[in-house]
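See below for the structure under consideration.
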Amino acid sequence: MTQARKVIVTCAVTGAGHTPTMSPHLPYAVEDVVSQSVAAVRAGAAIIHLHARDPRDGRPTADPAVFLEYLKGIKDSTDAVVSITSGGGTGMSVADRLEVIYETKPELCTLNLGTFNYGSFPMIAKHAGSWKFDWEEPYLESTRVEPFVSTFADMEHMLTDVGP
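FYI, the working numbering numbers position 15 of the sequence shown as 843, with every residue one higher than the one before it.
What follows is the structure, given as C-alpha cells:
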C-alpha cells in the first residue's frame, strides 16, 4: 500500500528565459501575472516564484515597482509564499538583481549557486521573422556569448547582504 506524501508545489509563472514569441501563454501584463499566480495557488501551488516582465513588451526586468505590483495582487488574493528571484536574467548586474530583494523584502528568495548558460539562441531560427517585439532576437542572441554570472564573490555578497 502506498502512503500519501505531503509535497510543496512551487509555480514559476514567468521565468526569465522565454520570450513572448515563444509562447502566447507567457504572461507579462501585471494583471495576467497576478491572475495566473492566483490560478496556480487555487490549483495547489504553495509557493509562487516570480521573475518580473516589463508590462509593455514582456522583456525581463529587475524593476522593484513591477514586483511590488505583482506582490500586492497575489497577496490580496492568496496566502501563498512568494519567492522573488535574485537571478533576474541575462545581462542583469548583481546590484540590479539585489535591489528588488531590498525593496520587496520577500518571505523567500532564490540564490543561484554558480554561473550558467541560458543557451536560448537556437530558438532564433525557429522564430525568425515572427518576433512580436524587437528586443527578443537580440536577447536570445546574447545567450550565445553572455553567461549568467554568479561568482563565489557574488554569492558571498548576496548571503552577507540578504541572508539571515
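All C-beta atoms, glycine included, are put in the ideal place defined by N, C-alpha and C.
Predicted model, so just to flag it, every value in this text is computed and none were measured.
Can you tell me the Cα-Cα spacing of Glu935 and Ile929, whole angstroms?
Straight-line Cα distance between these residues: approximately 10 Å.
Per DSSP, cross-strand counterpart(s) of Val910
Beta-bridge partners assigned by DSSP to Val910: Ile876.
Among Glu974, Tyr898, Gly843, which one has its Cα closest to the Cα of Gly915?
When each option's Cα is compared against that of Gly915, the closest is Gly843.
If you run the structure through DSSP and keep just helix, strand and coil, what is Pro888?
Strand.
DSSP puts Phe980 in a beta bridge; with which residues?
When beta bridges are read from the DSSP output, Phe980 appears opposite no residue.
Helix, strand or coil: how does DSSP classify Leu936 here?
In the three-state scheme derived from DSSP, where H, G and I count as helix and E and B as strand, Leu936 is classed as strand.
Whole runs of the alpha helix (DSSP H) within the region 845 to 877, excluding any shorter than 4 residues
Fully enclosed alpha helix (DSSP H) runs of 4 or longer: 858 to 870.
Local conformation of Phe944 per DSSP, three classes
Looking at Phe944 - three-state DSSP - the assignment turns out to be strand.
Whose C-alpha, out of Glu931, Phe980, Arg925, is nearest the C-alpha of Thr943?
Comparing Cα positions, the closest option is Phe980.
For Gly872, collect the residues of the same chain with a Cβ closer than 7 Å to its Cβ; drop the 5 residues on either side in sequence, then sort them by chain order.
Excluding residues within five positions, the ones whose Cβ falls inside 7 Å are Val837.
If we ignore side chains and look at the alpha-carbon of each, how far apart do Pro993 and Val862 end up?
No answer is possible for residue 993: the residues shown for the chain start at 829 and end at 992.
Within 10 angstroms of the Cβ of Leu941, are there 16 or more other Cβ atoms? Answer buried if so, exposed if not.
Leu941 should be labelled exposed.
Beta-carbon contacts of Glu974 that lie in its chain and below 7 Å, excluding the five residues immediately before and after:
Cβ within range, chain order: Thr918, Gly919.
Whole-number beta carbon distance between Val841 and Pro852, since they are thought to touch under 8 Å:
With a Cβ gap of about 15 Å, Pro852 and Val841 do not count as contacting.
Decide yes or no for the touch test of the region 873 to 883 against the region 896 to 908: beta carbon pairs closer than 8 Å, at least 3 of them.
Between the region 873 to 883 and the region 896 to 908 there are three or more C-beta pairs closer than 8 Å, enough to call the two in contact.
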